[in-house]
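The structure appears below as structure tokens.
In our numbering, the protein residues as written are 16 to 372.
Quick look at the structure:
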């Protein structure tokens with residue numbers, strides 16, 4: 016399996032977050048529609064997916080400086096595991112610091128992909144935005160830093176009004192014709208995102224991978240692509256080497272949502288979420304467009320294996336089948352690429368127990 020860093024630049028708002036499992040789904044759609052992307056065809060690789068994934072995508076992460084540092088989700092560990100950055104005996108000051116620390120939801124990762132769990136390496140939305148704008152020309156930097164405080168972050172939410180017109184009355188109304196709002200994600204102009212991908216050597220090369228992502232960005236990603244959402248440009252596809260694990264590593268930090276293997280992990284620190292998937296294209300009109308829900312561990316999960324059982328493959332998790340009544344062969348990417356890390360030392364020498372946050 017070869018690994019690639021795919022750099023994209025958003026050109027429109029997004030109706031669907033750029034999470035790894037959704038990127039995998041759209042990759043499969045492009046492979047189904049364009050026969051030259053996957054050698055041997057999509058059906059061949061889907062048949063082997065449960066034992067041998069041909070593609071594993073991470074979620075998209077902001078590039079924050081000219082050195083190529085990437086801001087990924089801070090590990091989902093309790094704050095007590097990470098220690099107090101400013102030790103103080105004053106209770107009010109400790110509570111204030113704790114609140115600020117909760118806002119440091121990004122972890123900086125350099126080109127060596129080494130995980131440093133120190134508070135100076137964990138940044139808030141505003142700090143990430145400041146690093147990103149530091150690299151811009153002076154005029155552009157001034158314009159972006161004068162934006163409303165709500166939008167001074169790497170990705171900001173905004174609601175958009177939608178109307179459904181009753182063609183008999185030519186106006187909105189009640190029930191299914193009532194106006195409603197949806198939430199979209201907006202990225203600041205010039206921000207680039209990085210997607211990490213593990214691709215089976217004989218399945219797809221870098222040129223075909225770039226072609227597939229280019230088509231995806233041209234047609235639009237996710238919800239409301241037909242109205243102009245989800246557009247992006249592919250600005251680079253670079254082969255890379257993910258760091259191998261060492262004897263000191265005792266945990267895995269996931270780069271995308273996953274479905275952890277049963278009875279393999281000694282402890283799991285994660286935020287669970289439920290993926291309510293839906294088919295697109297021709298399968299949208301089968302009368303069964305909605306997929307079965309899948310409970311996943313969101314990106315940033317920390318999975319701790321038993322001693323001597325550290326994963327030897329570059330990905331963890333498992334494939335999920337039986338998710339569609341319209342397409343029996345459909346699968347969900349329950350795999351995730353990961354970065355090896357070391358669990359923080361506990362002062363009390365306590366046991367790392369399983370938890371969901």
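Beta carbons are placed, not taken as given, at the ideal position from N, Cα and C, and that holds for glycine.
- Message: Once DSSP output is grouped into helix, strand and coil, what is the label at residue 314?
- Response: Numbered from its first residue, the chain shown carries residue 314 at position 299. Looking at residue 314 - three-state DSSP - the assignment turns out to be coil, as it is neither helix nor strand.
- Message: Going by DSSP in three states, residue 64 sits in which element: helix, strand or coil?
- Response: Looking up residue 64 in the chain shown gives position 49. In this structure, residue 64 counts as coil in the three-state DSSP scheme.
- Tell me whether residue 247 sits in a helix, a strand or coil according to DSSP, three-state version. Stepping through the chain shown from its first residue, residue 247 is reached at position 232. Residue 247 falls in the strand class under three-state DSSP.
- Task: Specify the secondary structure class of residue 276 as computed by DSSP and reduced to three states.
- Result: Within the chain shown, numbered from 1, the residue matching residue 276 stands at position 261. Of the three classes helix, strand and coil, the one that applies to residue 276 here is coil, per DSSP.
- Query: Mapping DSSP to helix, strand and coil, what is residue 137?
  - Reply: The residue labelled residue 137 in the question sits at position 122 within the chain shown. Reduced to three states, the DSSP call for residue 137 is strand.
- Cβ-heavy atom distance between residue 20 and the ligand FMN below 6 Å? What this structure holds is no ligand at all, so the ligand FMN is not there to describe.
- Item | 6 Å Cβ shell around residue 369 - same chain, five flanking residues per side excluded | For the purposes of this step, residue 369 is taken as the residue at position 354 of the chain shown. With a pLDDT of only 47 at residue 369, under 50, the local geometry of the prediction cannot be trusted, and the value read off the model is given with reservation. Answer for residue 369: 282 and 283, listed in chain order.
- Query: Touching or not, the stretch 228-241 and the stretch 267-287, by the rule of three or more beta carbon pairs under 8 Å?
  - Reply: no
- Task: State the start and end residues of the unbroken alpha helix (DSSP H) segment that holds residue 38.
- Result: Translated into the one-based positions of the chain shown, residue 38 becomes position 23. Element bounds for residue 38: 35-48.
- Sequence-distant residues of its chain with Cβ nearer than 7 Å to residue 225 (five each side left out): To locate residue 225, count along the chain shown from 1; it is residue 210. Around residue 225: 249 and 252.
- Task: Starting from the C-beta of residue 218, find all residues in its chain whose C-beta is less than 8 Å away, skip the five residues before and the five after it, and write them out in chain order.
- Result: To locate residue 218, count along the chain shown from 1; it is residue 203. Excluding positions up to five away in sequence, the list reads 53, 54, 55, 60, 69 and 70.
- Task: Count the C-beta pairs between the stretch 81-91 and the stretch 32-40 that are closer than 8 Å, then say yes if the count reaches three, no if not.
- Result: no
- Message: Please state whether the Cβ-Cβ distance between residue 359 and residue 128 is less than 7 Å.
- Response: Stepping through the chain shown from its first residue, residue 359 is reached at position 344. Stepping through the chain shown from its first residue, residue 128 is reached at position 113. No, the Cβ-Cβ distance between residue 359 and residue 128 is not below 7 Å.
- Using only alpha-carbon positions, find the residue among 279, 315 and 247 that is nearest to residue 24. Locating residue 24 in the chain shown gives position 9, where the first residue counts as 1. Nearest option by C-alpha distance: 247.
- Query: Between the C-alpha atoms of residue 207 and residue 138, what's the straight-line distance to the nearest angstrom?
  - Reply: The residue given as residue 207 occupies position 192 in the chain shown. The residue given as residue 138 occupies position 123 in the chain shown. Using only the alpha carbons, I get a separation of about 18 Å.
- Query: Just checking my contact of residue 201 with residue 169 at CB under 8 Å: how many whole Å lie between their CB atoms?
  - Reply: Sequence index remark: in the chain shown, residue 201 carries index 186 (1-based). Sequence index remark: in the chain shown, residue 169 carries index 154 (1-based). Rounded, the Cβ-Cβ distance is 10 Å, inconsistent with contact.
- Task: Please look up how many angstroms separate the CB atoms of residue 342 and residue 298, rounded, as I've assumed it's under 8 Å.
- Result: By one-based count along the chain shown, residue 342 stands at place 327. By one-based count along the chain shown, residue 298 stands at place 283. Indeed, because the Cβ distance is near 6 Å, the residues count as touching under 8 Å.
- Task: Evaluate contact between the stretch 108-118 and the stretch 38-53, counting only Cβ atoms and requiring at least three cross-stretch pairs below 8 Å.
- Result: no
- Would you mind reading off the limits of the alpha helix (DSSP H) that contains residue 231? Position 216 of the chain shown, counting from 1, holds the residue named residue 231. Per DSSP, residue 231 belongs to the alpha helix (DSSP H) from 221-234.
- Item | CA-to-CA distance, residue 231 to residue 291, given in whole angstroms | Within the chain shown, residue 291 is the residue found at index 276, counting from 1. Within the chain shown, residue 231 is the residue found at index 216, counting from 1. In a straight line, the C-alpha of residue 291 is about 21 Å away from that of residue 231.
- Task: Name the two residues that bound the continuous alpha helix (DSSP H) containing residue 211.
- Result: Counting from one through the chain shown, the residue named residue 211 turns up at place 196. Taken as a continuous stretch (DSSP letters only), residue 211 belongs to no alpha helix (DSSP H), being part of the beta strand (DSSP E) at 208-214.
- Message: To the nearest angstrom, how far is the alpha carbon of residue 122 from that of residue 315?
- Response: Your numbering for residue 122 matches position 107 in the chain shown. Your numbering for residue 315 matches position 300 in the chain shown. In a straight line, the C-alpha of residue 122 is about 10 Å away from that of residue 315.
- Grab me the residues of residue 258's own chain with a C-beta within less than 8 Å of its C-beta, minus the 5 sequence neighbours each way, in chain order. In the chain shown, counting from the first residue as 1, residue 258 sits at position 243. Excluding residues within five positions, the ones whose Cβ falls inside 8 Å are 127, 128, 129, 354 and 355.
- Check each candidate in 293, 212 and 260 and name the one with the smallest Cα separation from residue 254. As a first step, residue 254 is located in the chain shown; it is residue number 239 there, counting from the start. When only C-alpha atoms are compared, the closest one is 212.
- Quick one: grab the DSSP three-state call for residue 115. Position 100 of the chain shown, counted from the start, is the residue given in the question as residue 115. Note: residue 115 maps to helix in three-state DSSP.
- Task: Keeping to the same chain, check which residues put their C-beta closer than 6 Å to that of residue 321; ignore five residues upstream and five downstream.
- Result: Here residue 321 is taken as the residue at index 306 of the chain shown, counted from 1. Contacts found: 281.
- Starting from the C-beta of residue 325, find all residues in its chain whose C-beta is less than 7 Å away, skip the five residues before and the five after it, and write them out in chain order. Along the chain shown, read from residue 1 onward, the residue named residue 325 stands at position 310. Correct list, in chain order: 260 and 264.
- In whole angstroms, what is the alpha-carbon distance linking residue 372 and residue 94? On the chain shown, position 357 is the one that residue 372 refers to. On the chain shown, position 79 is the one that residue 94 refers to. Annotation note: pLDDT 47 at residue 372 (below 50); position unreliable, no value reported.
- If you draw a straight line from the alpha carbon of residue 334 to that of residue 309, how long is it in whole angstroms? If you number the chain shown from 1, residue 334 lands on position 319. If you number the chain shown from 1, residue 309 lands on position 294. Near 11 Å, if we compare the C-alpha coordinates of residue 309 and residue 334.
- Message: For a test of the three-state rule: what should DSSP assign to residue 300, helix, strand or coil?
- Response: As a first step, residue 300 must be located in the chain shown, where it is residue number 285. Residue 300: helix per DSSP, three-state reduction.
- Item | Chain-order list of residues whose beta-carbon lies under 6 Å from that of residue 375 (same chain, five-residue window excluded) | The chain is shown from 16 up to 372; residue 375 falls before or after that span and cannot be answered.
- To which residues does DSSP link residue 287 through a beta bridge? By 1-based counting over the chain shown, the position of residue 287 is 272. In the DSSP output, where bridge partners are listed per residue, residue 287 has 312.
- Task: Run the CB neighbour count on residue 177, radius 10 Å, all protein chains shown included, and call it buried at 16 or more, exposed below.
- Result: The residue you call residue 177 lines up with position 162 of the chain shown. Classification of residue 177: exposed, given that the 10 Å Cβ count is below 16.
- Query: Cβ atoms of residue 319 and residue 92: under 7 Å apart, would you say?
  - Reply: The residue labelled residue 92 in the question sits at position 77 within the chain shown. The residue labelled residue 319 in the question sits at position 304 within the chain shown. No. Outside cutoff.
- Task: Round the Cβ separation of residue 79 and residue 147 to the nearest angstrom and send it over; I've been treating them as touching at under 8 Å.
- Result: By one-based count along the chain shown, residue 79 stands at place 64. By one-based count along the chain shown, residue 147 stands at place 132. Right, their Cβ atoms sit about 5 Å apart.
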